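Structure record follows, encoded as structure tokens.
Residue numbers (our numbering): 1139 to 1208.
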């Protein structure tokens, strides 16, 4: 429940925001902007933001906590 995962056809596994970036990179219009994720410093900042949002996603969306979370 900490992050999403993407498994590509060739078996590579990506997690978190990198999974989103890899999925977007396959789209013609979104591919180039998605590659900005790999610029120095951008990846670290966005990964920290992703972790913060993932940890608080139920609170952010105003929903009850998932079963099993306290």
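Idealized CB from N, CA, C, for every residue including glycine. All of these numbers come straight from a predicted model, not from anything done at the bench.
Residue range 1151-1153 is occupied by the beta strand (DSSP E) that includes residue 1153. For residue 1172, same chain residues with a beta-carbon under 7 Å away, outside a window of 5 residues either side, are 1159, 1162, 1163 in chain order.
Here the alpha carbons of residue 1142 and residue 1150 stand approximately 14 Å from one another.
With a cutoff of 7 Å on beta-carbon distance, residue 1185 and residue 1155 are scored as near each other.
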